[in-house]
Structures are given as structure tokens and as C-alpha cells.
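Okay, structure first, notes after.
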Amino acid sequence: MTSIAKPPVTHPSLPKNALGLTRRDYEGAMSTLCAGCGHDSVTAALVQAFWELDVPPHRAAKMSGIGCSSKTTAYFMRQSHGFNGVHGRMPSLATGANAANRGLMYIGISGDGDSLSIGMGQLSHAIRRNVNLLYVLENNGVYGLTKGQFSASADIGSTSKKGDTNDQRPIDPVLLALSLGATFVARGFSGDKAQLVPILKAGLRHNGFALIDVISPCVSFNDHVGSTKSYRYTREHYEELAPVDFVPMRREITAPEASGGAMSIAMHDGSVVRFRKTGDDYDPTNRDAAYAHVRRHQERGEIVTGLLYIDEKTQDLHALNRTTATPLVDLPYEALCPGNAALQELMAEYR
Amino acid sequence: MDPSDVSNPRYYHKVVDCQWGCPAHTNVPEYIRLIAQGRYTDSYMLNRVSNVFPGILGRTCDRPCEPACRRGRVDGKPVAICRLKRVAADLRDDIKDRLPAIPEKKNGKRVAVIGAGPASLTVANDLMPLGYQCVMYEKLPRAGGLMRYNIPAFRLPAAVLDEEVNNILDMGVDIRFNTPVQSLKALLDEGYDAVFVGSGAPKGKELDIPGRWDTDQVHIGIEWLGSVHFGHIEKIEPRVLIIGVGNTAMDCCRTSKRLGGTDVKVIARRSRPYFKASPWELEDAEEEGIEIVENHAPKRFVVENGTLVGMEFEQLEWTEVDGRQKSKVIGTTIIPCDTVILAIGQDNAFPWIERDIGLAFDPKWDMPIVDKATFQSTRPGVFFGGDAAWGPENIIWAVEHGHQAAISIHNHCQGIDVAQRPADGMNLVSAKMGMQAWSYHNDYNPSPRAQMQHEELVKRFSNVSVEVELGFTPEQTAREVQRCLNCDIETHFTSKLCIECDACVDVCPVNCLTITHDGTTEAELRGRLSAPALNPEQALYTSAALPQTGRLMVKDEDVCLHCGLCAERCPTAAWDMQKFELIRAHAGGGVA
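Residue numbers (my numbering), protein chains in the order written: chain V, 173 to 523; chain B, 4 to 595.
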């Protein structure tokens, strides 16, 4: 919480994007989350990503459910569309919105409670349907809004603020998504925007469901010694995959093509995700290898971050269901509602 | 890179742009807060500690604080610092009982002070409370120096001047009016422990071109203003030319308007960006219907049958050659006039200082050699200040010279090396009063700068003493004080508490914070911040290495609003808002 709203003045050298907007133009209301909450950093990374992608704010829709994480949608792109639904049901809302108007960019913000407990069935089926949605899961391992009980993502052996130890197995959203067939799976950390922003941009441009699990420490209930989702623990056990660069479509690619182990993946809109060269020969297009890699590092107590898996060749919700290419809002009334004769014809098929 | 040393008072002082820019380092944000609280007398007294003449300066100061003001870099217009000072001076209660006590028993040291202008008065103001006996020699019948004789009453009412000057004289200064010092040697022979020369730059510059001596209708600006002050001159011919475009020229042209001048022109050699007059004085003159003519160089006075009828000028065109302005004559013109006033500068004149008394003069400029830090001449015990030291400056510089010279005189009389200056100190106290509650108003007020109300023209021209500026209304004052960004409430960072959550970086409205890896040079670091720090005049704060990653917290001080959001969003209180107070050294005080 802060006592005042952000003053409406900017730094004189603050750059503008192709739309003539500054980062400040992508902000939303003042956050009422705790001071130091990781979610506010995720918000800032989102603001940066939208600004860099020159997204017109009125062409985006922000969807969320319930929880500290779900408040995030209020804090960026104040001029965008949005829907704040009931607990765990954001994926359904996003699916419906996307089905009706495929012309907008969809951003769903959820948390480990909203996604891995009450809303896990919803999450699973949004993955299965490959809804074209950036799904940011702000993961802090606790129910912060109800004063810090362990959530479904709490690691075995991690302790609560009062000292209780968690003995139940955690649900890892990354492994879940990989096993359910998600076509874009990544893990980030709220304290590393240099990594998070390009991943968010790639996720926004991905043609399908993009899950980004973001370790986002709860500074009030899970930032102590004994926590495995604190700022310090995350930094100490951080294992970064090859850093990615996101090259948007409109920019000419002048640097030489990926060489010596680096890899480039073309997105459906012509943008490119480029993995920088690193020592190991990690292949982000191999689902089984990605799963194994994450598991192997988990055994060693390491948190693997980066763009873990990407598949640009699959079909999204609309392609799978062979829907109209035009958003319903842009269809003429006659096409959208063809009249009683057409209805009777349709009904006859079922008799 | 080395972490910024915020334990040195200079670091945070420099953040307070107005106070840093003020020659006397007036604590501007604090006095503005006191006005906001309605504590006008406290505000006045805080001013007085630094600038001695708040009522006078609140009307006449050259305001170096205002171009420096951070608000100007934020929304284009600085806080009206100077005129808020006037608010405190106008609305205060009687301050007689708050003036320093003057010891009955003197310390046995006698100081001669030459001239009764702002520098000399400041010396007396600082030394009288320490028990010195000050004997002040003034060639004219009243005290105040150029503040009285050169600044017209429509800008500075006599009552304001009298009160602030008398506050000092009434400390027991032995003032000797109508007593010009004719010989420094003779004065020194009277056995003073120290002598301060604050006699100003009293000689207006001459313009010795053809026709100058063929008419009596050419006046020297400062002498003419003095004559008007004493009532020796009460009228002027209708067509007046003022040569020169400094602040004296502005006073001359506006005074002419009040004495019968109907067609008053100010003639400048150069174009507007190079004028010496303050922009607001130019505006005020133009508001009164005075025409300012650019790029004209005087060539001759046109005198017919012993009567001045005009002046011939060369019309100039200026071009920049190798970074210097060069002029070319593109024609000549005659501008008809009845009277000319020369306001092209002032010179020092020391015919009364003997050249064989161990007081060295610079042969090139015929000016005494004066030490920049101690204000002492080459003869120990003789000090200079104000315009007498290095030529014409302004009132607020004269005041600061007076303070510094008083320190030297005190040292000299107490047997301490004059070069041994007492150090400045500081107080730094948290402004935190509770959860998101601060001891200052941290919200940003988007109001535009207040416009000073002026007396209507007809009334103004009816009498030379009618004050033009009416002061701010209570509503204007209430808004203007909230425009101040409280730059003295510093963002104080404690590296070891930081958990690098980025909350401060994300919330800062002006993107002045960055957490980044160490830099090689400041220039390199400036380029890769949240928003590039392109104003090298402003400091870059760099922290010690942060505990978790070893990176640095970097802050560009340039447009920080001091809104405190970084501290409100900080979960560990690594950022705190702390009130900085500069403790300035003065004669007989300061931090040891």
C-alpha cells in the first residue's frame, strides 16, 4: 500500500514506443499489495513487455480469478478490457472471451492457489484446448491473502512463517503443463526482469496457451529462512537456461543467424525467439527432454528458469474447432444471427 | 565504483538544488514548509539566519535559486521561491525579541566597516552578537547602500528597507553618516583590530563617444537613480533612451516612465538571449510600455545648437565564429530623444586606498588582490566583500561575502588563522511518522506557478513610490507552497537491508532508480539506467554492493520528486525519507 497515487510526471529521457507511448502509459491503478510483493515486479515486467511490443492497450483483455495474484490485472494497462471472475474460473472466462473475440490479446493472471487448488481442472482444460492466452502463474507457495497457509506448490520441508514444516508433495505447474501437452512452458522469477520480459513477450506472441510460472515471493508470509520461495533462496538455487531474446516481426534481423549451438524458433506471426548459446545442448523443442531436465535439477534442489519448451506447429482453440476467422463482433448481424429458417434447418439435422 | 558518501554534508546539500544554488545557502524547502503551516515568523527567522534581509530579498533578489529549482526540470516552471520569501516577510509578527542578544560587555575588539550596504551590514549582523564594536562609515546620509539608492521605491518600499537595516544598526553599530573614508592609512592608524571594506562599485561607466560632452542631457544611471531617490530630480523629458540592458537599465527606464517619460526605449548591443537583466524584470518593463531595441551600438550623440535631439547607432548583426559572438555593422540609424541615461555597468573606485600600505593591487584591473576564500587582502586584517571585492554582483552574494568575511574577522581577532574555516555540518532525521505517514506533505501538486498580481498601470505611474507587485493572495500562497518538492527530505538508502525485490524501482514515477551491475565509470553507468541520466549537473547516487547479488542500487538525482513512494514500497526500510538540515558555519559557530 502507498499513501498517494503515482504523480503524473515522467523522466524527461523516458523513451517512447512505436505508438508514441511511454511505459507510464501502460500502468494501471496503484497496487494495494504488500510493499515488496513479487507480484508488483511481475506487473512491472508486464508493463515493460507490452510497451516493448507496442501493444495498443485497447486491443488487450486481462482476465483473473481470486487471490493476491489476481489483483495484478488492475495494476497494468488501465485502458484494456478485463474480467475478474470467481476463484479458479479464469480459464473458462478466458476461453469464452477468446472464442467470441479472437482479435484481442488475452492475458490471464493467476496464482498457485487459484491455479493448482480450486482451479486446477480449469487450468488443465485450457491447456488441453490450447486457448491463445498468456497464462502467468504468480507462484509464492503460500495463501498470502489468508495469512500464509501452505499452498499446493509448497515444497516438502519448507517451513511456514511460524515454523511448521510442509510434508505434502508439491504440484509443479511446469511439470503439470508439460505432461498435459502445453505448447509453451516457461519459468521465471519476479526478481529477474532481464529474463522475464523477453519470455513474456514470446508468450504473448505464441499461437496457443503459454504458461509462465513465475516465482514471485510473498514478502509478508514466505520470505523467511526455511522458505524455498524467498528472494534469497530463489537466488541461491537459481539455474538459468539459455537466455532468450525476442525479436519482433517488424524489426529486420541483421545479426547473423544462430550459430554454434544457439537456436532460433520462428513464431507464427514472423517474430523470432532466439536462444543464446550456452554450454549445455538443451533442446527447448523436445518435451521429454524438457521434463527430464526439470526433474533432474529438482532432485539437486535447483530451480530451473527460462523458456523450457516451445512448439509453434500446433493449432490453437480456433483452428482445432474450425471457427470463423472473423471475431464475432466484426461479423454482420445477418451472419451472426441468420434467422428462423437457418435455425429450423439446423434443428432438422438433429431429428 | 565507490559508493556515494552521504555522510559528507555536500552530497545531500547538492540534492537541494535551491539551497545549493543560493550563494548564502538559504534553507528554502524548510522555510516554504513553515509558510505552508502559517508559521510566517519562524519562516522569516530561518531566512534571516542565511540571507539577513528576507523582506528586501523577497522583492529584489536575483534568485539564483529559481533557475536551479528541480520543479523547473519537472514541469517547466520553478517554485516562486523569492516571492514566497516576501509572503513570510509581509505576514510575520514583530521579530525584535527574536534577534540575537547583544552582550553588554564587549570583547574589546574594534572593527571598522566601510560602507553601509548589504555586505557591511551582514558583517555587523554577525559580529555584534559576539561582542565586537563595529564602527560603520557611510558617505551618504542613510544606510542601505545600493539597496536604497539604486533600487527604486516602486520595487522596494522604504519601510521594508528601513526595518531590516535598522534591525542591524540597532544592535549598537556606531554608524557615522556623511563620513566618507578619505584615507585607509589614516583609518588604520586609528588602531582598529580589523577593517572591512564594503564600499561597493559606486562609479557608473562612462560612454565617451562624440557629442557626449556637448550636452547636459546625458545621465549616469546609478547617479541618476540616487538623485531621484533624494528628490533632486523629479521630472524627465518625454523621449528617453536608456543605454544598456542590465537590471539598472530596467530600474532607470521604469523610473523614467514615472517621472514624465512617455517614449522610453532601452537600447541593447546584443539580442535578447544575451541580455543581463533578469527575464522577469524585462517582462515588467515591457508591461509598462517600454520598448527594448536589440542589436544597436551607440555611435554618437546628436546635438543641435547645444540641445540633445537624438542618438546615432550602428545596427549590428551577430554571428557565431568559433564559439564566440562576432558583430558586423549593417547600417546606421538615428533615434530621436531628449535625454539619455547610461546604464552600461559599474566600476570600482579606490582613490582613498594608499598604494604603499602593504595592500597589493592587481596592476591590470587596478583592483585589490583579495583571497577568494578568506576575503582578506594582502594586508592582514583588511578584508573586502560585496561589490568592492571583485566588482558588481548582487545583494545575495554581498550577504554571503559578509558572512564569510565575518568568519575571517572573528578568526583574525581571536588569533586563529583566517584560512582555518569552521566546517559545515548536517542533521539527518527520519521523516517517518507511521505507516505511510511522513512529517512532510509528500503528494505531488500539479498546480502551475502562481502569477504575481501587479498594481494597475495608472496607479503605478501616479507616484514613483507605489509598489508594483502586490504580493500573492492567500490562495496563491497555499498552492505555491505545495509546488515545492521538498528536496531536503532525502531518499536515504541502507544497502545491507535491501532484498532486491525491485519494488522501489517499479514504483518510482520518474524512473530514477535502477538495480544494476557495477559500472566502470559514471558516464558508462548513466547510459544504462531505467531512464538514461542525461543531466550531468545532477549527481548519481551509487550504493554499496547489495547483499544478495552484489549489484548496486543507483539513483539519478535529476528529477526525483521526493514523493517517498520508494520508501513506502520498501518492505525492509532500506529506503527511508530523512530530513536533511545543513548546519552552516558562521562567525563564532559551526561544527568543529
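Positions of the beta carbon are idealized from the N, C-alpha and C atoms, including for glycine. None of these values were measured; they are calculated from a predicted model.
Whole-angstrom distance between residue j and residue i, CA atom to CA atom
i: V:GLN367; j: B:VAL9; result: 33 Å
i: B:ALA426; j: B:SER53; result: 16 Å
i: B:MET150; j: B:ARG587; result: 25 Å
i: B:GLU107; j: B:VAL176; result: 13 Å
i: B:TYR152; j: B:CYS255; result: 12 Å
i: B:LYS206; j: B:ARG452; result: 38 Å
i: B:SER380; j: B:SER46; result: 36 Å
i: V:THR194; j: V:PRO187; result: 6 Å
i: B:GLY394; j: B:GLY118; result: 15 Å
i: B:GLY24; j: V:LYS234; result: 48 Å
i: B:SER123; j: B:CYS416; result: 17 Å
i: V:TYR454; j: V:HIS409; result: 19 Å
i: B:HIS589; j: B:ILE410; result: 6 Å
i: V:GLY283; j: V:GLY316; result: 10 Å
i: B:GLY361; j: B:GLY234; result: 41 Å
i: V:GLY285; j: V:PRO229; result: 28 Å
i: B:PRO70; j: B:TYR277; result: 16 Å
i: V:ASP335; j: V:GLY313; result: In the sequence as displayed, the identity of residue 335 of chain V is Gly instead of Asp. So the two alpha carbons sit approximately 15 Å from each other.
Host alpha helix (DSSP H) of residue i (start-end)
i: B:HIS232; result: 224-233
i: B:ALA392; result: 390-393
i: B:HIS16; result: 12-18
i: B:CYS85; result: 84-94
i: V:ASP286; result: 284-288
i: B:ASN430; result: Per DSSP, B:ASN430 belongs to no alpha helix (DSSP H); it is in the beta strand (DSSP E), 428-433.
i: B:ASP45; result: 43-54
i: B:GLU525; result: 525-530
i: B:GLU289; result: 282-290
Whether residue i touches residue j by CB criterion (8 Å)
i: B:ARG158; j: B:VAL402; result: no
i: V:TYR278; j: V:LEU309; result: no
i: V:CYS206; j: V:VAL391; result: yes
i: B:ALA104; j: B:TYR43; result: no
i: V:SER388; j: V:SER362; result: yes
i: B:ARG73; j: B:ASP20; result: yes
i: B:CYS569; j: B:LEU516; result: yes
i: V:GLY478; j: V:GLU412; result: yes
i: B:ALA408; j: B:ALA376; result: no
i: V:SER175; j: B:GLU226; result: no
i: B:PHE304; j: B:ASP217; result: yes
i: V:ARG448; j: V:ALA414; result: yes
Distance between beta carbons of residue j and residue i, contact taken as under 8 Å
i: B:ASN30; j: B:LEU585; result: 7 Å
i: B:PRO32; j: B:ASN489; result: 5 Å
i: V:LYS333; j: V:HIS396; result: 6 Å
i: V:MET262; j: V:SER236; result: 5 Å
i: B:GLN439; j: V:MET421; result: At roughly 44 Å, the Cβ-Cβ gap does not stay under 8 Å, so B:GLN439 and V:MET421 are not in contact.
i: B:ALA577; j: B:LEU500; result: 4 Å
i: B:PHE199; j: B:VAL267; result: Wrong, their Cβ atoms sit about 39 Å apart, outside the cutoff.
Host beta strand (DSSP E) of residue i (start-end)
i: B:ILE360; result: No beta strand (DSSP E) contains B:ILE360, which DSSP labels as neither H nor E.
i: B:CYS256; result: Looking at the DSSP string, B:CYS256 is not in any beta strand (DSSP E); the run it does join, the alpha helix (DSSP H), is 250-261.
i: B:VAL385; result: 385-387
i: B:PRO132; result: Counting along the chain, B:PRO132 falls outside any beta strand (DSSP E), and DSSP gives it neither H nor E.
i: B:ILE154; result: First-last for B:ILE154: undefined, no H or E at that position.
i: V:PHE356; result: 356-361
i: B:PRO301; result: 299-307
Does the region 263-280 of chain B come within contact of the region 293-300 of chain B, defined as at least 3 CB pairs closer than 8 Å? yes
Pairing CB atoms from the region 238-252 of chain B with CB atoms from the region 364-380 of chain B, are three or more of them under 8 Å? no
Looking at C-beta atoms only, is the number of pairs between the region 135-151 of chain B and the region 162-170 of chain B that lie closer than 8 Å three or more? They touch, by the three-pair rule.
Does the count of Cβ pairs from the region 396-410 of chain B and the region 59-74 of chain B closer than 8 Å reach three? yes
Under 8 Å, with one C-beta from each stretch per pair, do the region 352-368 of chain B and the region 171-179 of chain B reach the 3-pair mark? no
Determine, using beta-carbon pairs with one atom in the region 334-341 of chain V and one in the region 233-248 of chain V, whether at least three such pairs fall under 8 Å. no
Does the structure place the region 342-356 of chain B close enough to the region 325-333 of chain B that three or more beta carbon pairs sit under 8 Å? no
Inter-stretch contact (C-beta, 8 Å, three-pair minimum) for the region 122-130 of chain B and the region 429-437 of chain B: no
Counting pairs of Cβ atoms below 8 Å between the region 466-485 of chain B and the region 494-513 of chain B, do you hit three or more? no
Would you be able to state if there are at least three C-beta pairs under 8 Å between the region 533-545 of chain B and the region 455-472 of chain B? no
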